[in-house]
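Each number in the numbering used here comes from the position in the sequence shown (counting from 1) with 99 added on.
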Amino acid sequence: MDLIYIKRMYRNRIIILVSIIIAFFMLVTFVVIGSITKVTSVSVNLEQSEFKNSDLSSNEENKIITAVVEEKEKLPKLTNKGKENISNIYKSKTKRVFLTFDDGPSKTITIPILDLLKKENIKATFFVLGSRVELYPSIVKREYEEGHFIANHGYSHMYSQIYSSVDSVLDEYNKTNKAVSKAIGVKKYNSHLFRFPGGSVGGKYSDLKKAAISRLDENNITYVDWNALTGDAEGKKDSEQQMAYLQETMGEKNSLIILMHDAGDKQVTYETLPSIINLLREKGYEFKNFYDIMK
Ligand SMILES: [Zn+2]
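Right, here's the structure in full:
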């Protein structure tokens, strides 16, 4: 062995030894860093779970998420499918009924009607007046929260006012939407559904109503009348008269849109409602509201 060979051998051994030492330190470093990270993440998780426990339980969090999703679902929409459904509303293969109440809300009648609908687990549709919504916002909020559909019946219900021009129809519609938005605490509520006071056809303002229908349509607002009624706004004074008139107007129709009123003086409407519900159930009708067809 010459000296050069010995030197080279030692140099190689030193390199190998140094490499092993470096590798060992690197391993140790990784292990240490790894465990520190683990400890940190555990403590962060703990903090988060403590936050959850102290501030907001996961159940509550889920409830909020569900509420947000439901809120979105409860905002009325009007797509082409919905328009088609509305234009075919008087047709149905199966028996279905839409209970609709106009001219409310009122303290004396709307509240007991809501109690009854809740008991019977029926979702109805309320065509509210903006001027009344401003008087009783909490009743409208309750209607909304209990799953009823809030539609638009204009603001004033004074024919000379709302039918003074096409613009006026749209103005009253928008004013009522604003009142509903404020009442239920939902930004820019729009039902997309209007019911003309006195109905969409005939009468002194027939031509104006026709023009208003086009203007509403341009603004993605549809409208609906009815095909059965109790006559509660036409002098049918007692429950018997209202029941008889309802049966006469509903005939054997499969799809019913029943007109009733929840204005303050419609005590008989409320009193007749249980019999109406019984009759419809006996005849096999399924209760619907406009959420079911406004898609
Ligand atoms: Zn009305």
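A virtual CB, placed ideally from N, CA and C, is assigned to each residue, including glycine.
Residue i, enclosing alpha helix (DSSP H) - first and last residue
i    : result
L372 : 366 to 381
V196 : Per DSSP, V196 belongs to no alpha helix (DSSP H); it is in the beta strand (DSSP E), 195 to 201.
L315 : 305 to 317
M393 : No alpha helix (DSSP H) contains M393, which DSSP labels as neither H nor E.
L213 : 206 to 219
I261 : 258 to 261
Cα-Cα separation, residue i to residue j
i    : j    : result
D391 : E242 : 16 Å
S263 : E381 : 44 Å
I221 : T368 : 16 Å
L379 : K274 : 35 Å
I188 : S354 : 7 Å
D316 : I210 : 33 Å
M257 : A332 : 15 Å
G350 : K309 : 28 Å
A311 : A223 : 26 Å
I396 : P204 : In the structure as shown, the chain starts at 100 and stops at 394, and residue 396 therefore has no counterpart that could be examined.
K277 : S267 : 15 Å
R231 : K387 : 25 Å
L292 : K176 : 9 Å
N318 : T193 : 32 Å
E245 : N251 : 18 Å
Own chain, CB closer than 7 Å to residue i, minus 5 neighbours either side, in chain order
i    : result
I185 : T321, V323, I392
S280 : K286, K287, Y288
T178 : K394
F295 : K308, Y322
D270 : none
Residues sharing a beta bridge with residue i, DSSP
i    : result
N251 : V227, F293
L328 : L358
T178 : According to DSSP, which records beta bridges pairwise, T178 is partnered with nothing at all.
Y322 : F293
Close beta carbons around residue i, own chain, < 6 Å, minus the five adjacent residues each side
i    : result
R112 : none
V285 : none
W325 : I356, L358
Burial state of residue i, where buried means 16 or more other Cβ atoms lie within 10 Å
i    : result
Q366 : exposed
V300 : exposed
K303 : exposed
P373 : exposed
E347 : exposed
D214 : exposed
S290 : buried
T199 : buried
S240 : In the sequence as presented, Ser is not what sits at residue 240; that position holds Lys. With 16 or more Cβ atoms within 10 Å of its Cβ, K240 is classed as buried.
T139 : Confidence in T139 is poor, its pLDDT being 40 and thus under 50, which makes the residue's placement too unreliable to answer from.
G229 : buried
Residue range of the beta strand (DSSP E) that includes residue i
i    : result
L355 : 354 to 360
K387 : 385 to 387
Close-in-space but distant-in-sequence residues of the same chain around residue i (CB under 8 Å, 5 per side omitted)
i    : result
K336 : V367
G181 : H291, T321, I392, M393, K394
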